[in-house]
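A.B. asks: Below are the structure tokens for one structure; questions will follow.
Residue numbers (our numbering): 16 to 464.
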């Protein structure tokens with residue numbers, strides 16, 4: 016292409032998955048279905064094995080060229096008719112007469128789609144496994160890396176960076192489960208002709224469909240109109256949208272941790288010549304995470320036309336066709352790409368434990384208010400009373416810009432229950448991590464099987 020328009024052609028996406036959806040590959044998948052159909056017809060005695068073998072031999076982009084298909088389509092204004100005519104004219108003898116026998120266009124299109132989905136989802140699942148492994152390693156390596164927890168954008172109570180990464184790893188693991196579970200419903204094809212009755216296939220229609228799908232290693236759409244049920248496509252794109260939401264969630268976390276006023280983690284600056292800004296020489300921007308965030312939104316937007324495409328006029332119309340040419344390859348390619356980018360970010364992530372401790376210290380002990388409240392309850396104070404007492408002390412510390420220990424140490428009610436050494440122990444973040452280490456160990460064990 017001399018002047019590509021779509022950024023996927025020149026900027027985003029990995030070669031391996033993009034090739035699945037290229038013109039040449041798409042044509043080959045369509046030809047694969049036509050070849051399987053011819054062999055099924057031969058198996059039930061509708062055509063000779065010789066003719067089926069000839070069709071199978073010529074059902075290859077080595078014979079049927081993209082350029083020839085395009086020439087025919089200009090005349091026919093029908094893409095699948097162009098494919099079948101281009102294949103038929105390559106076949107020797109009478110074999111060409113039996114190309115596409117009994118089929119409707121979307122028998123071929125939807126079955127070819129399923130073949131593409133199978134390859135693409137395998138690639139995505141493989142990359143999800145890599146990301147899960149990277150996150151598990153971070154969870155292990157930072158099991159005891161203390162940092163502030165945050166809720167509502169403010170300090171809450173201490174957490175470890177390892178726990179944060181372990182939670183992310185579990186989320187990725189659930190996506191792997193979803194991708195596996197949806198395959199039985201998504202990787203299906205149909206060979207049942209116009210409106211799904213199989214009328215043009217003859218008495219062996221169900222057998223032909225079964226043979227084609229067995230040959231292509233796909234499930235069977237047991238009851239269809241003229242197309243495979245689009246609820247299946249909705250499920251696939253919903254899973255991709257869900258994955259994209261997680262990738263943006265992870266990216267947003269790193270973007271926030273990289274903020275100048277936080278500075279607890281950051282994307283690696285990958286080369287000495289990398290530029291952060293065209294005008295501000297000091298900038299080191301989280302460009303990969305920002306790219307993930309932007310592209311994840313594109314993936315999620317594609318779910319809308321997927322839902323709309325499920326609404327067909329009677330047994331089918333053609334309104335789904337044009338949008339699916341965009342949303343299916345783009346969603347799969349971009350989902351794989353943003354998983355790949357997030358794996359790269361996490362593999363090369365810069366983590367700054369000393370900054371995490373510094374930020375905890377800047378908090379003047381306020382994140383430990385719950386720990387003191389809990390200790391008061393252990394000493395016999397009612398939970399509600401303890402909460403109000405520590406809330407009041409915390410507000411005083413904020414108003415007077417004092418650390419919480421100073422305020423608590425001068426409060427007579429607090430001192431009735433806790434000595435200063437008890438307060439110091441309760442205010443040490445290392446002493447208020449609960450069962451964090453066990454949670455991480457359990458997750459690591461589960462995901463390392």
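Ideal Cβ positions, reconstructed from N, Cα and C, are used throughout, including at glycine.
A quick note: this is a predicted structure, and the numbers were derived from the prediction, not measured.
Does the distance from the CB of residue 380 to the CB of residue 419 come in under 9 Å?
C.D. replies: In the chain shown, the residue the question calls residue 380 occupies position 365. In the chain shown, the residue the question calls residue 419 occupies position 404. Cβ distance < 9 Å, so residue 380 and residue 419 count as in contact.
A.B. asks: Taking one C-beta from the region 166-177 and one from the region 199-211 each time, how about it: are there three or more such pairs within less than 8 Å?
C.D. replies: The region 166-177, when compared against the region 199-211, does not touch it at the 8 Å Cβ threshold.
A.B. asks: What does a CB cutoff of less than 8 Å around residue 160 pick up in its chain, not counting 5 residues either side in sequence?
C.D. replies: Start at 1 with the first residue of the chain shown, and residue 160 comes out as number 145. 175, 176, 177, 366, 368 and 371, listed in sequence order.
A.B. asks: Given this structure, state the Cα-to-Cα distance separating residue 352 from residue 44, to the nearest angstrom.
C.D. replies: Here residue 352 refers to the residue found at position 337 of the chain shown. Here residue 44 refers to the residue found at position 29 of the chain shown. Rounded to whole angstroms, residue 352 to residue 44 spans 23 Å at the Cα level.
A.B. asks: Need the endpoints of the alpha helix (DSSP H) that residue 174 sits in, please.
C.D. replies: Along the chain shown, read from residue 1 onward, the residue named residue 174 stands at position 159. Careful: residue 174 lies outside any alpha helix (DSSP H), inside the beta strand (DSSP E) at 169-175.
A.B. asks: For residue 424 and residue 412, I'd like the C-alpha separation in whole angstroms.
C.D. replies: One-based indexing of the chain shown puts residue 424 at position 409. One-based indexing of the chain shown puts residue 412 at position 397. Rounded to whole angstroms, residue 424 to residue 412 spans 12 Å at the Cα level.
A.B. asks: Starting from the C-beta of residue 46, find all residues in its chain whose C-beta is less than 8 Å away, skip the five residues before and the five after it, and write them out in chain order.
C.D. replies: Position 31 of the chain shown, counted from the first residue, corresponds to residue 46. Only 74, 75, 76, 79, 98 and 102 meet the Cβ criterion.
A.B. asks: Use the C-beta contact count for residue 120: other C-beta atoms within 10 angstroms, 16 or more gives buried, fewer gives exposed.
C.D. replies: In the chain shown, the residue the question calls residue 120 occupies position 105. Under this definition residue 120 is a buried residue.
A.B. asks: At what residues does the beta strand (DSSP E) containing residue 163 begin and finish?
C.D. replies: Taking the first residue of the chain shown as position 1, residue 163 is located at position 148. Its beta strand (DSSP E) spans residues 161-166.
A.B. asks: How many whole angstroms separate the CB atoms of residue 462 and residue 137, which I take to be in contact at a CB cut-off of 8 Å?
C.D. replies: On the chain shown, position 447 is the one that residue 462 refers to. On the chain shown, position 122 is the one that residue 137 refers to. Residue 462 to residue 137, Cβ: 20 Å. No contact.
A.B. asks: Using three-state DSSP, classify residue 321 as helix, strand or coil.
C.D. replies: Along the chain shown, read from residue 1 onward, the residue named residue 321 stands at position 306. In this structure, residue 321 counts as helix in the three-state DSSP scheme.
A.B. asks: In terms of residue numbering, what span does the alpha helix (DSSP H) encompassing residue 412 cover?
C.D. replies: The residue labelled residue 412 in the question sits at position 397 within the chain shown. Looking at the DSSP string, the run of the alpha helix (DSSP H) that includes residue 412 is 398-415.
A.B. asks: Is the beta carbon of residue 184 sitting closer than 9 Å to the one on residue 458?
C.D. replies: Within the chain shown, residue 184 is the residue found at index 169, counting from 1. Within the chain shown, residue 458 is the residue found at index 443, counting from 1. Result yes, Cβ atoms of residue 184 and residue 458 sit closer than 9 Å.
A.B. asks: List the whole-angstrom C-beta distance separating residue 49 from residue 70, where the pair is believed to meet the contact cut-off of C-beta under 8 Å.
C.D. replies: Translated into positions along the chain shown, residue 49 becomes position 34. Translated into positions along the chain shown, residue 70 becomes position 55. That pair is a contact at about 7 Å.
A.B. asks: Report back the beta-carbon spacing between residue 348 and residue 23 to the nearest angstrom; my notes put them in contact at under 8 Å.
C.D. replies: Your numbering for residue 348 matches position 333 in the chain shown. Your numbering for residue 23 matches position 8 in the chain shown. Their Cβ separation, rounded to whole angstroms, is 6 Å, which keeps residue 348 and residue 23 in contact under 8 Å.
A.B. asks: Can you check the region 36-123 for any beta strand (DSSP E) of at least 3 residues that lies completely inside it and give the ranges in chain order?
C.D. replies: Counting whole runs of 3 or more residues, the region 36-123 contains no beta strand (DSSP E) stretch at all.
A.B. asks: For residue 234, which residues in the same chain have their Cβ closer than 7 Å to its Cβ, ignoring the five residues on either side in sequence?
C.D. replies: Here residue 234 is taken as the residue at index 219 of the chain shown, counted from 1. Result list for residue 234: 199, 202, 203 and 228, in chain order.
A.B. asks: Going by beta carbon distance, what residues of the same chain come within less than 8 Å of residue 81, once the five residues before and after it are set aside?
C.D. replies: The sequence position of residue 81 within the chain shown is 66, counting from 1. Result list for residue 81: 38, 39 and 42, in chain order.
A.B. asks: Can you give the Cα-Cα distance for residue 191 and residue 140, rounded to whole angstroms?
C.D. replies: The residue you call residue 191 lines up with position 176 of the chain shown. The residue you call residue 140 lines up with position 125 of the chain shown. Rounded to the nearest angstrom, the two C-alpha atoms are 6 Å apart.
A.B. asks: Using a Cβ-Cβ cutoff of less than 7 Å, which residues in the same chain neighbour residue 384 once the five nearest sequence positions on both sides are dropped?
C.D. replies: In the chain shown, the residue the question calls residue 384 occupies position 369. So the list reads 405, 409 and 419, once near-sequence residues are dropped.
A.B. asks: Does the count of Cβ pairs from the region 268-283 and the region 325-340 closer than 8 Å reach three?
C.D. replies: No, the region 268-283 is not in contact with the region 325-340.
A.B. asks: Going by DSSP, name the residue or residues bridged to residue 281.
C.D. replies: As a first step, residue 281 must be located in the chain shown, where it is residue number 266. In DSSP, residue 281 forms a bridge with 365.
A.B. asks: For residue 219, collect the residues of the same chain with a Cβ closer than 6 Å to its Cβ; drop the 5 residues on either side in sequence, then sort them by chain order.
C.D. replies: As a first step, residue 219 is located in the chain shown; it is residue number 204 there, counting from the start. The residues are 59.
A.B. asks: To which residues does DSSP link residue 235 through a beta bridge?
C.D. replies: To locate residue 235, count along the chain shown from 1; it is residue 220. Beta-bridge pairing links residue 235 to 204.
A.B. asks: Which two residues bound the contiguous alpha helix (DSSP H) that contains residue 459?
C.D. replies: Your numbering for residue 459 matches position 444 in the chain shown. Counting along the chain, the alpha helix (DSSP H) containing residue 459 begins and ends at 451-462.
A.B. asks: From what residue to what residue does the alpha helix (DSSP H) around residue 259 run?
C.D. replies: In the chain shown, the residue the question calls residue 259 occupies position 244. Element bounds for residue 259: 246-272.
A.B. asks: Assign residue 19 to one of two classes, buried (16 or more other C-beta atoms within 10 Å of its C-beta) or exposed (fewer than that).
C.D. replies: Sequence index remark: in the chain shown, residue 19 carries index 4 (1-based). Answer is exposed; the Cβ neighbour count stays below 16.
A.B. asks: Ordered along the chain, which non-local residues of its own chain (more than five positions away) have a Cβ less than 8 Å from that of residue 295?
C.D. replies: Counting from one through the chain shown, the residue named residue 295 turns up at place 280. In this predicted model, residue 295 has a pLDDT of only 48, less than 50, meaning its place in the structure is not dependable; the value taken from the coordinates is given anyway. None.
A.B. asks: Assign residue 126 to one of two classes, buried (16 or more other C-beta atoms within 10 Å of its C-beta) or exposed (fewer than that).
C.D. replies: The residue labelled residue 126 in the question sits at position 111 within the chain shown. It is buried - the Cβ of residue 126 has at least 16 other Cβ atoms within 10 Å.
A.B. asks: Could you check if residue 66 is buried or exposed, using at least 16 other CB atoms within 10 Å of its CB as the buried criterion?
C.D. replies: The sequence position of residue 66 within the chain shown is 51, counting from 1. Buried, since its Cβ has 16 or more Cβ neighbours within 10 Å.
A.B. asks: Give me, in chain order, the residues of the same chain whose beta-carbon lies closer than 7 Å to that of residue 210; leave out the 5 immediate sequence neighbours on both sides.
C.D. replies: Looking up residue 210 in the chain shown gives position 195. Counting only Cβ-Cβ distances below 7 Å, and skipping sequence neighbours, we find 240, 241 and 330.
A.B. asks: Is there at least one Cβ from chain D nearer than 9 Å to residue 55's Cβ?
C.D. replies: Annotation note: the requested chain D is absent from the structure, which comprises a single protein chain.
A.B. asks: Spatial neighbours of residue 446 within its chain, please: C-beta separation below 8 Å, excluding the five flanking residues on both sides.
C.D. replies: To locate residue 446, count along the chain shown from 1; it is residue 431. Within the same chain, residue 446 has close Cβ partners 386 and 440.
A.B. asks: Rounded to whole angstroms, how far is the Cβ of residue 361 from the Cβ of residue 251, which I believe are closer than 8 Å?
C.D. replies: Start at 1 with the first residue of the chain shown, and residue 361 comes out as number 346. Start at 1 with the first residue of the chain shown, and residue 251 comes out as number 236. Actually they are not in contact, since the Cβ atoms of residue 361 and residue 251 sit about 26 Å apart, beyond 8 Å.
A.B. asks: Assuming residue 354 contacts residue 154 under a Cβ cut-off of 8 Å, what Cβ separation, rounded to an integer in Å, is found between them?
C.D. replies: The residue given as residue 354 occupies position 339 in the chain shown. The residue given as residue 154 occupies position 139 in the chain shown. Their Cβ separation, rounded to whole angstroms, is 18 Å, which puts residue 354 and residue 154 out of contact at 8 Å.
A.B. asks: Report, in whole angstroms, the separation of the C-beta atoms of residue 260 and residue 308, which I expect to be a contact under 8 Å.
C.D. replies: Taking the first residue of the chain shown as 1, we reach residue 260 at position 245. Taking the first residue of the chain shown as 1, we reach residue 308 at position 293. About 11 Å separates the two Cβ atoms, so there is no contact after all.
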